[in-house]
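K.L.:
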Amino acid sequence: MKFYVEPEVCIGCGLCAETEAEVFKMDDDGKAVAYQESTNTNEESAKDAMNSCPVDAISDV
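Right under this line is the structure:
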């Protein structure tokens, strides 16, 4: 599953990268980015990261 982080909405809290580091990471501007698709083994935690975003900046595409 692919995810997208809206950079203008992201507040840079890092919760998504902390929850699923194989899918999300923080960029040089302190914003989250979805740099890799989830796999069968980490899809559930990636969805948890998306649903935990305090500003709903993450969507699945």
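By UniProt numbering, the letter at position 23 of the sequence shown is numbered 23, and the numbering carries on one by one without gaps. Note that CB positions come from ideal geometry on N, CA and C, so glycine has one too.
Among G14, S38, T19 and E18, which has the Cα closest to the Cα of D29?
P.N.:
G14
K.L.:
Which of helix, strand or coil does DSSP assign to K2?
P.N.:
coil
K.L.:
Is the shortest distance between the beta-carbon of C16 and the beta-carbons of chain C less than 8 Å?
P.N.:
Looking at the structure shown, chain C is missing, and only one protein chain is on hand.
K.L.:
Within the continuous alpha helix (DSSP H) that includes K47, where are the two ends?
P.N.:
E43 to S52
K.L.:
I'd like the list of long-range same chain contacts for S38, defined as Cβ closer than 6 Å, with 5 residues on each side in sequence excluded.
P.N.:
The residues M1, V23 and A46, in chain order, have a CB closer than 6 Å to that of S38 in the same chain once the five nearest residues on each side in sequence are set aside.
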